[in-house]
Amino acid sequence: MSKKKPNKIPRNHYVVGHTAGLVSTLTLAVDPVTGLPSVLELDPTSLRSQVSYARNKTDKVLTSSPTDGFAALGETFIDRLRKKFDYLIAVDTNTELERTDGYRVSACCICCVPDPLVSITGQTQYEHLAAYLILDSGDEGNAELLGWHLVVARHANTPFLRTQRVGVVVDSELGDHVAINNRTKPYYRDHLLPDNMSLIYASDAAAETFLNGMIKMNDKNASELIKAVKQKGLSTLPLHSGVKLGTATCYAIGSGKQEK
12 MSKKKPNKIP
22 RNHYVVGHTA
32 GLVSTLTLAV
42 DPVTGLPSVL
52 ELDPTSLRSQ
62 VSYARNKTDK
72 VLTSSPTDGF
82 AALGETFIDR
92 LRKKFDYLIA
102 VDTNTELERT
112 DGYRVSACCI
122 CCVPDPLVSI
132 TGQTQYEHLA
142 AYLILDSGDE
152 GNAELLGWHL
162 VVARHANTPF
172 LRTQRVGVVV
182 DSELGDHVAI
192 NNRTKPYYRD
202 HLLPDNMSLI
212 YASDAAAETF
222 LNGMIKMNDK
232 NASELIKAVK
242 QKGLSTLPLH
252 SGVKLGTATC
262 YAIGSGKQEK
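Start counting the sequence shown at 12; every next residue gets the next number (my numbering).
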């Protein structure tokens, strides 16, 4: 007899946000035409459509993306994304705890949805785009942010994509996303996100949506890249003309391909 699968933990879908300053009251308004609610004191740039499930201490967030309002609660996942983005690209970076030959070793993998979101009618397809081996001789800090910068500066910085709304899917620093997306906080060093890009959060903890699947694929590919590097050794790798970011150098692995 096959084992019965445990019941899936119920998911909660919220629109979350905060006020621009300290307030003593909140005003709930309802549009008389659409029937949609709004909270007048909320900062509209802080609103996010967030899916999570309850845990003992804090909720586990599975996805969190910018939204315009409470209408997101009645929309499909892909429709919510279409409202804010034309193209999606995801990045994840894994880092070894111990140094190798004096370097902190990280592997960054990037994938994308190659088709414009407006054209997607069925299952959303995504594909591997690029991989980097990152060797840090000093302490450049969180390697995840180096991966973000590679996406922003190298893979989404094309004449075409600069005219499109690009969502960058990541799995860290959720608490900073609103400030980074508002360009009040740099995402790496003193670099602000371009006006056409915004961060989206997706966890690899569950296969909830294709965004979670993109992060899962990147995480798996990055783990395999680090495993291969450890087996072969850094000295055997033909590393040439890497991208220098502070004390770190990022080497493209494989052919990869640029976004259009």
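The beta carbon of each residue, even a glycine, is placed where N, CA and C say it ideally should be.
Asked, Found
"Is DSSP giving I131 helix, strand or coil here?", "coil"
"Do three or more CB pairs link the region 77–92 to the region 105–116 at distances below 8 Å?", "no"
"Identify, in the order they occur along the chain, each residue of the same chain with its Cβ nearer than 8 Å to the Cβ of A218, setting aside the five sequence neighbours on each side.", "G224, K227"
"Pick from F88, T169, L161, G152: whose alpha carbon is nearest that of T135?", "F88"
"Where does T260 fall in DSSP's three states?", "strand"
"Secondary structure at Q175, three-state DSSP: helix, strand or coil?", "coil"
"Sorted by chain position, which residues of the same chain lie with C-beta nearer than 6 Å to Y198's C-beta, five sequence neighbours on each side aside?", "W159, I191, L204"
"Identify whether V359 lies in helix, strand or coil by the three-state DSSP scheme.", "The requested residue 359 does not occur in the structure, where the chain is confined to residues 12 to 271."
"Is it true that the CB of D147 sits closer than 7 Å to the CB of P127?", "no"
"What are the complete beta strand (DSSP E) segments, minimum 3 residues, inside the region 74–115?", "98–106"
"Where T36 and D103 are concerned, what is the direct C-alpha to C-alpha distance, given to the nearest angstrom?", "40 Å"
"By the DSSP assignment, the alpha helix (DSSP H) with A154 in it spans what residues?", "154–161"
"Could you tell me whether the region 52–62 touches the region 27–43, using the rule of 3 or more Cβ pairs below 8 Å?", "yes"
"May I ask you to list the residues that DSSP assigns as paired with L48?", "The amino acid at residue 48 is misidentified as Leu; the sequence shows Pro. DSSP lists V41 as partners of P48."
"Do you know how far the Cα of E86 is from the Cα of T45?", "14 Å"
"By how many angstroms is the C-alpha of Y137 removed from the C-alpha of I264?", "19 Å"
"For V129, collect the residues of the same chain with a Cβ closer than 8 Å to its Cβ; drop the 5 residues on either side in sequence, then sort them by chain order.", "R93, D97"
"Closest to T258 by C-alpha separation, out of I145, E107, A83, would be which residue?", "I145"
"Name the residue from V50, H188, L73 whose alpha carbon lies nearest to the alpha carbon of P21.", "L73"
"Between which two residues does the alpha helix (DSSP H) holding S234 run?", "221–243"
"Taking C-alpha atoms, which residue in D70, Y64, V26 lies nearest to L53?", "V26"
"With H, G and I counted as helix, E and B as strand and the rest as coil, what does DSSP make of D54?", "coil"
"Mapping DSSP to helix, strand and coil, what is R22?", "coil"
"Where does F221 land, buried or exposed, given buried means 16+ other C-beta within 10 angstroms?", "buried"
"Suppose you measure from the CA of V181 to the CA of C119; what does that come to, to the nearest Å?", "12 Å"
"Under 7 Å between the Cβ atoms of G253 and T247?", "no"
"In chain order, what residues of the same chain lie with their CB nearer than 7 Å to the CB of I237, ignoring the 5 residues before and after it?", "N105, E107, V116, A118"
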